[in-house]
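There are 2 protein chains.
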Amino acid sequence: MTIIQPQLNDTFSKKVPKGDDHERLVCDTCDFIHYENPKLIVGCVATYQDKILLCKRAIQPQKGLWTLPAGFMELGENPEEGAAREAWEEAQAKVTIKDLLAVYTVKRISQVHLFYRAELSEPVFSAGIESMDVQLFRWTEIPWKFLAFPSVTWALKDYEKVMGSKHFAPFSNPEPYKDI
Amino acid sequence: MTIIQPQLNDTFSKKVPKGDDHERLVCDTCDFIHYENPKLIVGCVATYQDKILLCKRAIQPQKGLWTLPAGFMELGENPEEGAAREAWEEAQAKVTIKDLLAVYTVKRISQVHLFYRAELSEPVFSAGIESMDVQLFRWTEIPWKFLAFPSVTWALKDYEKVMGSKHFAPFSNPEPYKDI
Ligand SMILES: [Zn+2]
Ligand SMILES: [Zn+2]
């Protein structure tokens, strides 16, 4: 498939391209169509023994709140590699990605979140550039009221449901949040 | 999270933004960063009784070859809704999306493909605008040599492995194709 790239000084207008049924940003010069696509977030519930790795965010949004290591998937990697990269960047932790825990969609911001189960072979970690603190939490110590994003809460609750399960179908958004 | 949108006449240059480690297309005026993200393809292995729905492509790439209904996920939908929409657009078939069959990555073109199992309640379908033919195939009749894309072949073979299984972990790329 040939991809035409717009030149840097091209200008764009909103039009419905031929054969399409959605309005897109189309280049006025070369008809390059700037599709806006949902974005993939990749992350993990990473554990060491019975403890879960959480990062305290050093940046906005939700600075000061706790999150699972997660971020935008990059070009040239697969989701598992992206999830491991984020654990390294945010928590300086080397994790082994295991199975797919969940596929969540946040329609409002057009994001699809893939969360994996993962393991640390050693309790070695520290705050990466986007974190002000990284800790391992026992299940009973998780700071539920100070979690940064809904999908972090969902992933932790879904993680609990399959503790001890080897094969399971990944979760999607919990029932009251199907269309958020 | 505030998203700054570039104005239509802004120009962009390649720079490494502060705190980042990749080169991005950055707006010269307002510092809007144009991230290039992997794209999500959503599709389904849709069945009626013991037959599988395939579409013969009417457009390039791979015109004339057979594919599962699949396409780019749009904004404002979740992957299941996108997969059902593609079955409608390409095969004029109303399908019920079931479980997640596979998450494949094609790194070379930065695509992540989510394939679901799906069912037609009636054998009602016809060629949509991107198809020249749509048919239900028995397993033994699948035109293996005339399938359009590797992920179509993978999805069909993975589908066979879990015929009759209710709960399973979704597949990823088959072993020799992890990094294609
Ligand atoms: Zn152009
Ligand atoms: Zn700008």
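Listed in order, the protein sequences are those of chains X and U. What the first sequence shows, in UniProt numbering, is residues 1 to 180, in sequence order. What the second sequence shows, in UniProt numbering, is residues 1 to 180, in sequence order. Glycine included, C-beta positions come from ideal geometry on N, C-alpha and C.
For N78 (chain U) against K157 (chain X), the beta-carbon gap comes to about 19 Å, at or over 8 Å, which does not count as contact.
Under the Cβ criterion of 8 Å, K161 (chain X) is not counted among the residues facing chain U.
Taking all protein chains shown into account, P69 (chain X) has 16 or more neighbouring C-beta atoms within 10 Å of its C-beta and is therefore buried.
Using a C-beta cut-off of 8 Å, the segment 159-174 of chain U makes no contact with the segment 85-97 of chain U, since fewer than three inter-stretch Cβ pairs fall below that distance. In this structure, the straight-line span from the alpha carbon of F137 (chain X) to that of T67 (chain X) is close to 12 Å.
In its chain, beyond the 5 residues on either side, E23, R24, L25, V26 have a beta carbon closer than 8 Å to the beta carbon of K14 (chain U).
The Cβ of D158 (chain X) sits no closer than 8 Å to any Cβ of chain U.
Counting along the chain, G164 (chain X) sits inside no alpha helix (DSSP H), nor does DSSP assign it H or E at all. T96 (chain U) and Q49 (chain U) have their C-alpha atoms spaced approximately 13 Å apart.
Take the alpha-carbon of P61 (chain U) and the one of F149 (chain U): they are about 9 Å apart. Comparing C-alpha distances from V103 (chain X) to each of X:C44, X:C30, X:S126, X:E81 shows the shortest one belongs to X:C44. Between T29 (chain U) and D28 (chain X), the alpha-carbon positions lie close to 20 Å from each other. At a C-beta separation below 9 Å, Y177 (chain U) has no neighbours in chain X, since its nearest C-beta there lies roughly 11 Å away. For the set U:V42, U:S151, U:A127, U:F32, the Cα lying nearest the Cα of R85 (chain U) is the one of U:V42. Looking at the DSSP output, S131 (chain X) sits in a beta bridge with X:R57. Judged by DSSP in its simplified three-state form, E23 (chain U) adopts coil rather than helix or strand. Judged by DSSP secondary structure, G71 (chain X) falls within the beta strand (DSSP E) whose first and last residues are 70-72. Only those residues of the segment 66-100 of chain U whose C-beta falls short of 8 Å from the nearest C-beta of chain X are listed: F72, M73, E74, L75, G76, E77, N78, P79, E80, D99, L100.
Assigned with DSSP and collapsed to three states, T140 (chain X) falls in helix. Interface criterion not met: the Cβ of S151 (chain X) is under 8 Å from no Cβ in chain U. Listed along chain X, no residue sits closer than 9 Å to A46 (chain U) by beta-carbon distance, the nearest being about 18 Å off. At a cut-off of 8 Å between beta-carbon atoms, T140 (chain X) makes no contact with chain U.
Within the segment 12-36 of chain U, those residues whose Cβ lies closer than 8 Å to any Cβ of chain X are, in chain order, F12, S13, G19, H22, Y35, E36. Leaving aside the five residues that flank I109 (chain X) on each side, none in its chain has a CB nearer than 6 Å to its CB. Sorting X:D133, X:T140, X:F168, X:S172 by C-alpha distance to the C-alpha of A155 (chain X) places X:S172 at the top.
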